[in-house]
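Residue numbering for the sequence shown follows numbering that gives the first Met the number 0, starting at 0 and increasing by one per position. Beta carbons are placed, not taken as given, at the ideal position from N, Cα and C, and that holds for glycine. Small disclaimer: the values here were computed from a predicted structure and weren't measured. Taking it in order: structure first as structure tokens, then the write-up.
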Amino acid sequence: MILVSACLIGINCRYDYGNELYPELLKFLHHKAYLPVCPEQLGSLPTPRCSAVIMGGDGFDALMLNARLINEKGEDVTFNFLKGAKKTLELAQAFGVNICYLKEKSPSCGVKLVYSDKGVISGCGVTTALLLKNGYKVIGVNGGKHGLEV
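Written out as structure tokens, the structure reads:
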């Protein structure tokens with residue numbers, strides 16, 4: 000079973016009610032068992048919603064409560080991101096996921112890059128950190144024209 004960021008297969012779940020459709024990934028998934036998820040929605044955040052960044056580190060730091068996720072209104076949404084990461088992990092475990100394709104740069108799903116209060120930095124998002132910590136293989140994907148970041 001493959002876990003995939005829902006926005007990458009055209010589901011409008013991004014903060015701005017958009018998606019990051021990556022047709023090549025959708026084609027790759029054809030005839031495969033996959034589970035689309037949006038950790039931010041699983042964390043009870045609405046769509047659309049205010050964009051958020053990680054302040055003070057990356058997803059691993061947020062898991063340890065050494066970094067916070069703050070939205071553009073200045074609200075602390077760390078709990079929502081942690082809740083979404085935990086629910087994503089629970090789904091991965093329940094469905095026997097063996098690989099994850101997640102949206103690069105997302106504060107939830109980023110694998111090598113993530114939006115922070117300092118702009119785009121090296122690091123991973125909260126959900127990716129939790130999945131990696133639990134032994135999952137996670138591959139970062141940029142939607143649209145950018146392609147896979149392996």
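Between which residues of its own chain and residue i is the CB-CB distance below 6 Å, once the five residues before and five after are set aside?
i           : result
residue 12  : 5, 6, 37, 40, 46
residue 144 : A caution first: residue 144 carries a pLDDT of 49, below 50, which makes its placement in the model too unreliable to give a value.
residue 86  : 41
residue 152 : Any question about residue 152 goes unanswered here, given that the chain covers just 0 to 149.
residue 25  : 8
Measuring alpha carbon to alpha carbon, tell me which of the options ends up nearest residue i.
i           : options          : result
residue 34  : 57, 10, 22, 50   : 10
residue 63  : 118, 132, 2      : 132
residue 42  : 88, 117, 60      : 88
residue 76  : 52, 21, 98, 30   : 52
residue 48  : 17, 92, 138      : 17
residue 94  : 135, 25, 139, 8  : 135
residue 1   : 141, 31, 74, 20  : 31
residue 55  : 100, 23, 117     : 117
residue 110 : 91, 141, 82, 24  : 141
residue 15  : 138, 50, 101, 21 : 50
residue 97  : 130, 123, 78, 68 : 130
residue 27  : 100, 128, 127    : 100
Apart from the five residues on each side of it in sequence, which residues of its chain come closer than 7 Å, Cβ to Cβ, to residue i?
i           : result
residue 104 : 112, 113, 114, 119
residue 90  : 34, 36
residue 70  : 49, 50, 51, 76
Can you say whether residue i is buried or exposed, counting buried as having 16 or more other CB atoms within 10 angstroms of its CB?
i           : result
residue 107 : buried
residue 66  : buried
residue 200 : Nothing in the structure corresponds to residue 200, since the chain is present only between 0 and 149.
residue 74  : exposed
residue 102 : buried
residue 23  : exposed
residue 137 : buried
**Q.** alpha helix (DSSP H) segments (min. 4 residues) lying fully within the stretch 22 to 65
**A.** DSSP runs (the alpha helix (DSSP H)) wholly in the stretch 22 to 65: 22 to 28, 38 to 41, 58 to 62.
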